[in-house]
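Undergrad: Per full-length UniProt numbering, the very first residue in the sequence shown carries number 1; after that it's consecutive. All residues carry an ideal CB built from backbone N, CA and C; glycine is no exception.
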Amino acid sequence: MKEATAINPEHAPRQVLLSINAKLALLQGAWSWDLHSAAVYCSDVMAFSQNFEGTKGIIHPEDLEKLKAALSLLPEMTIGRLSFRMITTFGEIKELVGSQVQLSEIEPWMAEQYETAENWEARLRNQAQQKETTFLRLRNSLADTSERHADAGSWYINKVSGETWYSDNMYRLHGVPPQSLNAHPHTFNIFIHPEDKVVVQEAFEQAFSGELPLHLDYRIIRPGGEWVWVRQITYWGFNNQGQPVLGGLLRSLQEAQQLQAQLEASDLQLRIQQQVLQQAEKQSQFGYWIMNLVTRKTNFSAAYLRIHGLKTGTVATQSFFLNLVHPDDKALVAERMKNLNKTHELPETEYRIIRPDGKVRYLQLSGKLSVFANNELVMVAVANDITARKAQEQTLQELNDTVILQNNTLLQMEEVGELASLVLFPDGSMRWSDGLYRLLGYRPKSVEPLLVIWRKSVHPADLKVFNDNFNLLLNEQLVAPFSFRVITRTGVRLVVLSFSSVTEQGRVAMVGILQDLTHRQDQERQSGMQERYNRLLEDVSKDILIYTNTENTILGWNAAAVAKTGIEKEKAIGANLFDCLPALRSETFLAQLNAALEGREVQVQKGRFQYLPGPQSFQLSPHLDESGTVHGVLHLVQDIARELDLQQQLSERLSFIESLVDASVDRIVVLDKHMNYLYWNPRAEAY
1 MKEATAINPE HAPRQVLLSI NAKLALLQGA WSWDLHSAAV YCSDVMAFSQ NFEGTKGIIH
61 PEDLEKLKAA LSLLPEMTIG RLSFRMITTF GEIKELVGSQ VQLSEIEPWM AEQYETAENW
121 EARLRNQAQQ KETTFLRLRN SLADTSERHA DAGSWYINKV SGETWYSDNM YRLHGVPPQS
181 LNAHPHTFNI FIHPEDKVVV QEAFEQAFSG ELPLHLDYRI IRPGGEWVWV RQITYWGFNN
241 QGQPVLGGLL RSLQEAQQLQ AQLEASDLQL RIQQQVLQQA EKQSQFGYWI MNLVTRKTNF
301 SAAYLRIHGL KTGTVATQSF FLNLVHPDDK ALVAERMKNL NKTHELPETE YRIIRPDGKV
361 RYLQLSGKLS VFANNELVMV AVANDITARK AQEQTLQELN DTVILQNNTL LQMEEVGELA
421 SLVLFPDGSM RWSDGLYRLL GYRPKSVEPL LVIWRKSVHP ADLKVFNDNF NLLLNEQLVA
481 PFSFRVITRT GVRLVVLSFS SVTEQGRVAM VGILQDLTHR QDQERQSGMQ ERYNRLLEDV
541 SKDILIYTNT ENTILGWNAA AVAKTGIEKE KAIGANLFDC LPALRSETFL AQLNAALEGR
601 EVQVQKGRFQ YLPGPQSFQL SPHLDESGTV HGVLHLVQDI ARELDLQQQL SERLSFIESL
661 VDASVDRIVV LDKHMNYLYW NPRAEAY
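(1) When the Cα atoms are used, what is the spatial distance from Gly287 to Ile386?
(2) Would you call the region 290-300 in contact with the region 366-382, where contact means no fewer than 3 C-beta pairs closer than 8 Å?
(3) For Ala316 versus Leu346, is the C-beta distance shorter than 8 Å?
(4) Please report the distance separating the alpha-carbon of Glu587 from that of Asp579.
(5) With the cut-off set at 8 Å, would you say Ala596 and Leu620 are in Cβ contact?
(6) Out of curiosity, what's the CA-to-CA distance linking Glu76 and Pro213?
(7) Expressed to the nearest angstrom, what Euclidean distance is found between the alpha-carbon atoms of Ala203 and Ala261?
(8) Who are the near neighbours of Glu601 in its chain, counting only those whose CB is closer than 8 Å to its CB and skipping five residues on each side?
(9) Look at Asp151 and Ser252 and say whether their C-beta atoms are less than 8 Å apart.
(10) By DSSP, does Pro615 sit in helix, in strand, or in coil?
(11) Does DSSP put Leu581 in a helix, in a strand, or in coil?
(12) Leaving out five residues before and five after Asn169 in sequence, what residues of the same chain have Cβ atoms less than 7 Å from its Cβ?
(13) Pop quiz: Ile221 and Trp227 are said to be a contact at Cβ under 8 Å. What is the actual Cβ separation, rounded to whole angstroms?
(14) How about Ala560 and Leu545: are their beta carbons less than 8 Å apart?
(15) Near Gln515, what residues of its chain come up, given a Cβ to Cβ distance below 6 Å and the 5 sequence neighbours on each side ignored?
(16) Note down the Cα distance separating Ser429 from Thr395, rounded to an integer number of angstroms.
(17) Going by alpha carbons, who is nearest to Val16 out of Tyr41, Ile59, Ala684 and Leu24?
(18) Just verifying my parser: in three-state terms, what is the DSSP assignment at Phe482?
(19) Pick helix, strand or coil for Lys673, following the three-state DSSP scheme.
(20) Ordered along the chain, which non-local residues of its own chain (more than five positions away) have a Cβ less than 7 Å from that of Ala334?
(21) Roughly how many angstroms separate the alpha carbons of Ser500 and Phe425, rounded to a whole number?
(22) Quick one, are the C-beta atoms of Trp557 and Lys542 less than 8 Å apart?
(23) Can you grab the Cα-Cα spacing for the pair Asp217 / Thr134, in whole Å?
(24) Could you give the DSSP three-state label for Tyr171: helix, strand or coil?
(25) Just how far apart, CA to CA, sit Leu310 and Asn400?
(26) Between Phe470 and Leu593, what straight-line distance do the alpha-carbon atoms span, to the nearest angstrom?
(27) Roughly how many angstroms lie between the CA atoms of Phe90 and Arg137, to the nearest whole one?
(28) Ordered along the chain, which non-local residues of its own chain (more than five positions away) have a Cβ less than 6 Å from that of Val200?
(29) Which residue marks the beginning of the beta strand (DSSP E) containing Pro444, and which one marks its end?
(30) What does the alpha-carbon distance come out to for the pair Ile106 and Ile20?
(31) How about Trp165 and Tyr156: do their beta carbons lie closer than 8 Å?
(32) Less than 8 Å between CB atoms is the rule here; does Glu348 satisfy it with respect to chain B?
(33) Let me check you understand the geometry: is the CB of Arg172 closer than 7 Å to at least one non-hydrogen atom of the ligand FAD?
(34) Would DSSP call Leu545 helix, strand or coil?
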């Protein structure tokens, strides 16, 4: 035998020794690899020679077939280039690349050194058997554990030999200790429920004889009398000798049925809740969305989509819905959603949206934090469509504003028009307005509005009229307006009361309007007296009195004007001043009349009135109201011819007396009551 020689990496050429299927092959050529040795030993199994010096490893599984094909060609030819990968004992993958590769003969000393193929096969078989035994034990333990957790058992029957095997848990399922009964095809038939036994045995016999698979649910009775549902599933196969084998799996359905019942009950409850929720969404106009705060996945309900005017099934995101928010509210909603991911809070928020159809809706959004079964935080948000409520609130606000305005208007009307109102119901109850309280001398709402309190304020002479009319009203009979007097703190007031029938909240009521006629009566009395006085003044006055408005239409024409102008009053009233007296149409008189229409007094002494002989004086007085507005002009024309004659006579007499005084030899001095000198004669002057 040749002595073994170690390979020197620096001088020996690189070579590859392969062991495939327990056969050695030496490959030589120009090899290159990223290793620190000149020789490589590669095997298809994890088994290496202890005498080899160099790098050891197994052939990469993906390159094994390629390498086998190359080895089949090498006895006949040289391969120009060959590459494959190996996995070293350190777990590193290295690539071996060779050129001009050829198969070299294995020398006897090399075969002896690296052991024979038979030895390798024996060792490999022993290792495989040990691994298989260990694996089978582990697998049997795992199978038993799995069967116990799955509440199942397994078995098989050799159709040719009749050999039968049952797992330990097969016995436990039937309530007996493992392997406590002889194993044969009918070992557990005695446990089948009497009502199911015939059907189960017939089905089993047909499946066994026809080599058919079987899937069957039936009941078994355990030794304690407890019965449970089981499921039998069979299959056919062959052993190593090619004999048909029937295998089966028996599983208890008790826990599964309980879980199924619970699942069905939960599913039914969930369906009911979903239907109730969907109905509530339709009735209450609200929708919801659920956001997983960990993954930020959001699910939107169908009602939430409908509220936003979207069809069911529309794929949408929070950003999509944010674009539907009204521009004035978008910043608020965006801030709420931004804070949601930070604080996990979603406070109640009201905002508007503009749907794709252009309609504006009001929404109220509120959220609540919850925890899922996997301990993940979720936000459940409910959006309520409050458009109808907002419209009602707006309508109610408008109605309230209208009522307040009407009440204020009514108060103003009552104050200005001296009015008051009341509502009389058939049961005798009443409601008084603030004006009626004030009329009777009470503060508003200070006393209860009762008829007996009102009667105390009625004048005794009018009490019968008051009671008679109210008795008719209490019998739901309308009465004509009637007047009576009430005694108040400011004196006796004359009022008139009228009623009309209305229906309020399903009840017929009488609404009364009361008007204070005291001031009007006084004004009418004063107006009548003033009118009689003016008429008397016009008739008594000997001067011409003419009254014209701002359009120079004659509204007043007294008796003196009729007598002195010869124009009847009926013809003058309503006529234009210059149509009735055309001679007055001069520039001088027009200027004077316009000055009077501007609010200035105009007086002309010793003038000429074209329709009267002799001299006259006339006065134009503007008629002004409290604000200073001119409403007309009063023309006063006085005949001063007699006054001028008297003045002439008086002047002549005074001249005569003065001449007598001047001729007197006595000293004469005239003083007024204040001792001022008025006159002295020449003798007094000479003195």
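TA: Short version:
(1) 12 Å
(2) yes
(3) no
(4) 16 Å
(5) yes
(6) 53 Å
(7) 28 Å
(8) Gln619, Leu620, Ser621 and Pro622
(9) yes
(10) coil
(11) coil
(12) Asp144, Glu147, Arg148, Ala152 and Gly153
(13) 5 Å
(14) yes
(15) Leu419 and Val496
(16) 31 Å
(17) Tyr41
(18) strand
(19) coil
(20) Leu322
(21) 12 Å
(22) no
(23) 36 Å
(24) helix
(25) 36 Å
(26) 60 Å
(27) 30 Å
(28) Ile192 and Tyr218
(29) That residue, Pro444, is in no beta strand (DSSP E); it is neither H nor E in DSSP.
(30) 14 Å
(31) yes
(32) This model lacks chain B altogether, as it is built from one protein chain only.
(33) Ligands displayed in this structure: none; no statement on the ligand FAD is therefore possible.
(34) strand
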